[in-house]
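Numbering (the numbering used here), first residue to last: 10 to 410. The beta carbon of each residue, even a glycine, is placed where N, CA and C say it ideally should be. What follows is one structure encoded as structure tokens, with my remarks underneath.
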């Protein structure tokens with residue numbers, strides 16, 4: 010782990026680089042926010058290229074694969090300094106499931122050819138990835154999937170349907186879990202293949218959710234083609250690959266801080282909407298107590314995440330502990346938006362109109378879409394099963410196969 014002195018020197022270099030390379034027009038712009046003007050869109054592309062050239066789109070990745078070869082402690086400094094000036098790293102979002110899930114799994118299971126072909130374009134944000142995992146009849150019981158991949162010489166031919174494929178309609182590549190041996194036990198006859206989305210055999214249909222905009226799609230494979238050279242891991246051992254990929258997903262969901270620069274502290278929002286007593290305390294005593302509990306939970310979550318990094322000496326190891334942090338982060342994130350809505354009162358229930366601020370309208374949509382956090386990446390109950398088996402050592406109680 011880098012020494013404190015080296016980290017402070019690194020911090021100074023990061024500050025200097027950000028001052029010279031971050032477009033000021035993007036300060037405070039949340040990740041995923043609309044960019045209505047051509048000027049802002051142009052600045053966002055400049056920022057992406059600057060980050061990619063520096064290797065900071067995926068800073069802990071090896072340099073040869075588009076990263077900067079930094080430690081997790083050094084990458085954390087970059088994130089802190091970006092947050093301080095209202096900047097954010099758009100590349101993980103531009104790459105879809107690439108930086109957080111597909112890329113790390115390719116590094117562990119991929120051939121040298123696969124790493125060289127796929128990782129640099131992920132780290133630069135130039136290629137977006139989606140994942141074809143869940144199916145209409147295979148959700149939490151993912152091993153029940155029925156999408157088939159049939160050997161066709163140099164290729165696999167895929168037929169079947171996937172659902173909840175985030176960003177499938179705007180992705181260039183897909184990592185799909187498919188059945189390659191129907192005669193084997195359900196977890197033993199599965200493989201993980203990578204395939205381009207721009208081909209006649211793939212159709213996507215966006216799924217509209219209650220919050221309005223949605224990244225989710227239905228994806229249909231009708232004689233879609235995947236090259237044999239894009240089989241990730243061993244044939245019929247896709248269950249091992251996907252278990253590791255999902256660990257990476259949970260690891261990426263352990264942060265409870267809102268992305269996209271600085272945000273107003275929740276206690277300040279509460280004082281602004283609810284008002285204060287003569288001594289400056291929040292006027293609503295019950296809300297004050299629950300808000301204090303939430304802030305303590307948030308701090309406890311943050312300290313636990315930092316402790317795990319410290320115990321790993323800065324080299325974060327993805328493990329079952331991610332399930333604990335994933336559930337904790339879910340609780341913190343959902344509680345925050347629910348408290349915010351309560352604090353706003355009737356102003357927290359608006360859907361449109363000039364009577365509501367952009368912040369108020371965004372929060373009600375975040376409240377609705379945030380319900381999904383308990384499900385994606387493996388439901389809260391799935392995480393508890395993982396915790397019970399792999400951390401507490403309790404016996405297997407879920408369905409085997």
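Taking the beta carbon of residue i as the centre, do at least 16 other beta carbons fall within 10 Å, making it buried, or is it exposed?
{"i": "residue 400", "result": "exposed"}
{"i": "residue 188", "result": "buried"}
{"i": "residue 214", "result": "exposed"}
{"i": "residue 265", "result": "Note that residue 265 scores 47 on pLDDT, short of 50, meaning its location in the model is unreliable; the coordinates nonetheless yield the value given after this. Label assigned to residue 265: buried."}
{"i": "residue 161", "result": "exposed"}
{"i": "residue 294", "result": "exposed"}
{"i": "residue 305", "result": "exposed"}
{"i": "residue 316", "result": "exposed"}
{"i": "residue 402", "result": "exposed"}
{"i": "residue 238", "result": "exposed"}
{"i": "residue 302", "result": "exposed"}
{"i": "residue 77", "result": "buried"}
{"i": "residue 251", "result": "buried"}
{"i": "residue 258", "result": "buried"}
{"i": "residue 195", "result": "buried"}
{"i": "residue 208", "result": "exposed"}
{"i": "residue 46", "result": "exposed"}
{"i": "residue 56", "result": "buried"}
{"i": "residue 246", "result": "buried"}
{"i": "residue 172", "result": "buried"}
{"i": "residue 3", "result": "There is simply no residue 3 to check, as the chain begins at 10 and stops at 410 in what is shown."}
{"i": "residue 193", "result": "exposed"}
{"i": "residue 290", "result": "exposed"}
{"i": "residue 152", "result": "buried"}
{"i": "residue 314", "result": "buried"}
For residue i, which residues of its own chain have a beta-carbon under 6 Å away from its beta-carbon, when the five flanking residues on both sides are left out?
{"i": "residue 229", "result": "170 and 212"}
{"i": "residue 174", "result": "139, 141, 226 and 228"}
{"i": "residue 159", "result": "166"}
Can you give the Cα-Cα distance for residue i and residue j, rounded to whole angstroms?
{"i": "residue 297", "j": "residue 355", "result": "19 Å"}
{"i": "residue 86", "j": "residue 114", "result": "24 Å"}
{"i": "residue 271", "j": "residue 90", "result": "Note that residue 271 scores a pLDDT of 49, beneath 50, so its modelled location is shaky; the value from the coordinates is reported in the next line. The alpha-carbon atoms of residue 271 and residue 90 are separated by roughly 11 Å."}
{"i": "residue 280", "j": "residue 367", "result": "19 Å"}
{"i": "residue 199", "j": "residue 344", "result": "38 Å"}
{"i": "residue 23", "j": "residue 69", "result": "15 Å"}
{"i": "residue 210", "j": "residue 235", "result": "11 Å"}
{"i": "residue 62", "j": "residue 249", "result": "33 Å"}
{"i": "residue 13", "j": "residue 375", "result": "38 Å"}
{"i": "residue 361", "j": "residue 405", "result": "48 Å"}
{"i": "residue 274", "j": "residue 123", "result": "44 Å"}
{"i": "residue 64", "j": "residue 25", "result": "16 Å"}
{"i": "residue 20", "j": "residue 197", "result": "48 Å"}
{"i": "residue 359", "j": "residue 365", "result": "6 Å"}
{"i": "residue 7", "j": "residue 336", "result": "Outside the displayed span of the chain (10 to 410) sits residue 7, for which this structure offers no information."}
Using 8 Å as the threshold, is the C-beta distance between residue i and residue j below it?
{"i": "residue 154", "j": "residue 204", "result": "no"}
{"i": "residue 131", "j": "residue 166", "result": "no"}
{"i": "residue 3", "j": "residue 341", "result": "No statement about residue 3 is possible, as the shown extent of the chain runs from 10 to 410 and does not include it."}
{"i": "residue 357", "j": "residue 369", "result": "yes"}
{"i": "residue 391", "j": "residue 149", "result": "yes"}
{"i": "residue 311", "j": "residue 396", "result": "no"}
{"i": "residue 227", "j": "residue 219", "result": "no"}
{"i": "residue 300", "j": "residue 276", "result": "yes"}
{"i": "residue 128", "j": "residue 176", "result": "no"}
Taking residue i as the reference, which of the options has the closest Cα?
{"i": "residue 101", "options": "198, 66 and 273", "result": "66"}
{"i": "residue 372", "options": "59, 388, 285 and 353", "result": "353"}
{"i": "residue 184", "options": "233, 222 and 145", "result": "233"}
{"i": "residue 377", "options": "221, 403 and 70", "result": "221"}
{"i": "residue 37", "options": "73, 56, 303 and 95", "result": "95"}
{"i": "residue 383", "options": "120, 144 and 338", "result": "338"}
{"i": "residue 104", "options": "15, 84 and 181", "result": "181"}
{"i": "residue 48", "options": "381, 35 and 223", "result": "35"}
{"i": "residue 71", "options": "117, 226 and 288", "result": "117"}
{"i": "residue 16", "options": "26, 83, 76 and 58", "result": "83"}
{"i": "residue 240", "options": "276, 201 and 145", "result": "201"}
{"i": "residue 243", "options": "74, 120 and 157", "result": "120"}
{"i": "residue 93", "options": "28, 80 and 208", "result": "28"}
{"i": "residue 53", "options": "134, 147 and 278", "result": "134"}
{"i": "residue 179", "options": "64, 51, 273 and 137", "result": "137"}
{"i": "residue 351", "options": "112, 278 and 290", "result": "278"}
{"i": "residue 394", "options": "112, 330, 64 and 364", "result": "330"}
{"i": "residue 256", "options": "334, 290 and 288", "result": "334"}
{"i": "residue 260", "options": "385, 18, 126 and 73", "result": "385"}
Can you list, in chain order, the residues of its chain whose CB lies under 7 Å from that of residue i, leaving out five sequence neighbours each side?
{"i": "residue 60", "result": "66, 98 and 100"}
{"i": "residue 223", "result": "215, 216 and 217"}
{"i": "residue 30", "result": "59"}
{"i": "residue 381", "result": "none"}
Less than 8 Å between C-beta atoms, sequence neighbours within five positions excluded: which residues of the same chain meet that for residue i?
{"i": "residue 292", "result": "283, 284, 285 and 286"}
{"i": "residue 388", "result": "149"}
{"i": "residue 157", "result": "167, 168, 169, 187, 188, 189 and 191"}
Does the beta carbon of residue i fall short of 7 Å from some heavy atom of the ligand GTP?
{"i": "residue 25", "result": "Although the ligand GTP was asked about, the structure shown includes no ligands whatsoever."}
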